[in-house]
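Read the structure below first, then the notes.
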């Protein structure tokens, strides 16, 4: 029987079982629950790894890094910041790539703890529970005890985006939401929709599309915007969840016989390196990705020194104006009836 199976049998969190059986201090667990866990472990002949317990009691100077995909530029830039700060402090790290699978994430957490990691940095990773060791989440938004979030100030990012479009005369726009599994998706959409109302910019329900594929090529945005262009063209700008989607959006708009930015302006998000080389180059909201990684590593190192779990840390965005946004046209591009 595995730890996860024992926890399911007892109807408690796996971390609770691990804390009790490994005698991890600092967690408030009732004596009755502790005894129930120990009795069940004895009944099913389950015992935690002695090696893992021994490793946890040592200063292994090793952290675990959880992320969806190593090769995707957003994750790679954050990882670069994490790695540089950990290496500067002579810490090593083990990387686990989970591709947004909660099952894989749980498995990697258990495996890395058994290998003696002293903490975790989770990049764009959906966490649902406290861990047995300190954890810092980059782009995390869930408020979980023991986890400090390092995240973008999405409200400021949304304000920069909508003010820029308002100043260019845009009044009716489309929005491409992130995938449901992305940790930033819901927070970004909420901030953007609220800012749009403040700046009197309309985002009709029919002009809100959602990325729904786990790929990292411009095709991600191309297929969604291609579908959007077929159903409606009565908008003058598209705000994309990220720069990869914006690259695909530019191609889709061009394939529909329209020009960027003369007919449709496009804004991306992140400011990955390729955005400056696109044609037209992409106006985007810059996230200081490497800085976010460095900050996460510093916070985790401080947690290891005994500092308490602090408040969430918000980093500030920057609007980078390039060629993909321009004055709103006097009339909507020629197309089909308006979205409702």
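Residue numbers (this note's numbering): 6 to 345.
Yeah, the Cβ is synthetic: ideal placement off N, Cα and C, and Gly gets one too.
Since this is a predicted model, take the numbers as computed values, not measurements.
Rounded to a whole number of angstroms, what is the C-alpha to C-alpha distance between residue i and residue j?
i	j	result
residue 312	residue 326	40 Å
residue 143	residue 324	21 Å
residue 307	residue 96	13 Å
residue 208	residue 194	11 Å
residue 331	residue 267	7 Å
residue 104	residue 336	43 Å
residue 232	residue 257	9 Å
residue 236	residue 130	34 Å
residue 280	residue 286	6 Å
residue 299	residue 137	23 Å
residue 18	residue 173	51 Å
residue 221	residue 184	12 Å
residue 234	residue 191	24 Å
residue 365	residue 161	For residue 365 there is no data in the structure shown, the boundaries of the chain being 6 and 345.
residue 43	residue 112	22 Å
residue 250	residue 40	52 Å
residue 334	residue 210	22 Å
residue 108	residue 72	13 Å
residue 263	residue 77	29 Å
residue 247	residue 302	24 Å
residue 51	residue 150	27 Å
residue 328	residue 321	23 Å
residue 64	residue 310	12 Å
residue 216	residue 84	24 Å
residue 38	residue 128	32 Å
residue 230	residue 187	19 Å
residue 340	residue 265	Summary for residue 340: the model assigns pLDDT 47, below 50, so the residue's position carries little reliability, and this model does not support an answer.
residue 228	residue 33	50 Å
residue 106	residue 13	19 Å
residue 82	residue 273	17 Å
residue 35	residue 296	41 Å
residue 176	residue 86	38 Å
residue 152	residue 88	19 Å
Which partner residues does residue i have in the DSSP bridge list?
i	result
residue 154	142
residue 214	181
residue 102	72
residue 8	Per DSSP, none; premise fails for residue 8.
residue 270	242
residue 320	157
residue 288	272
residue 127	71, 142
residue 85	Paired residue(s): none; residue 85 is not in a bridge.
residue 97	67
residue 207	177
residue 325	289
Buried or exposed: residue i, going by 16 or more other Cβ atoms within 10 Å of its Cβ?
i	result
residue 49	exposed
residue 270	buried
residue 94	exposed
residue 90	buried
residue 189	buried
residue 75	exposed
residue 180	buried
For residue i versus residue j, is the C-beta spacing smaller than 8 Å?
i	j	result
residue 24	residue 11	no
residue 147	residue 157	no
residue 169	residue 196	no
residue 134	residue 20	yes
residue 226	residue 253	yes
residue 115	residue 8	yes
residue 305	residue 79	no
residue 182	residue 214	yes
residue 15	residue 45	yes
Apart from the five residues on each side of it in sequence, which residues of its chain come closer than 6 Å, Cβ to Cβ, to residue i?
i	result
residue 122	67, 68, 69
residue 276	289, 291, 325
residue 56	Low confidence applies here, because residue 56 scores a pLDDT of 48, under 50, leaving its location unreliable and the question unanswered by this model.
residue 167	200, 201, 204, 206
residue 100	70
residue 154	142, 145, 317
Within the same chain, show all residues whose beta-carbon is closer than 7 Å to that of residue i, passing over the 5 residues directly before and after it, in chain order.
i	result
residue 164	200
residue 198	208
residue 261	234
residue 218	225
Regarding residue i and the ligand PLP, is the C-beta to nearest heavy atom distance less than 7 Å?
i	result
residue 155	For the ligand PLP, the structure offers nothing, since it holds no ligand at all.
Only counting the same chain, and skipping five residues up and downstream in sequence, which positions put a Cβ closer than 8 Å to that of residue i?
i	result
residue 178	170, 201, 206, 207, 208, 212, 240, 241, 242, 243, 244
residue 117	69, 99, 101, 125
residue 223	249, 250, 252, 253, 256
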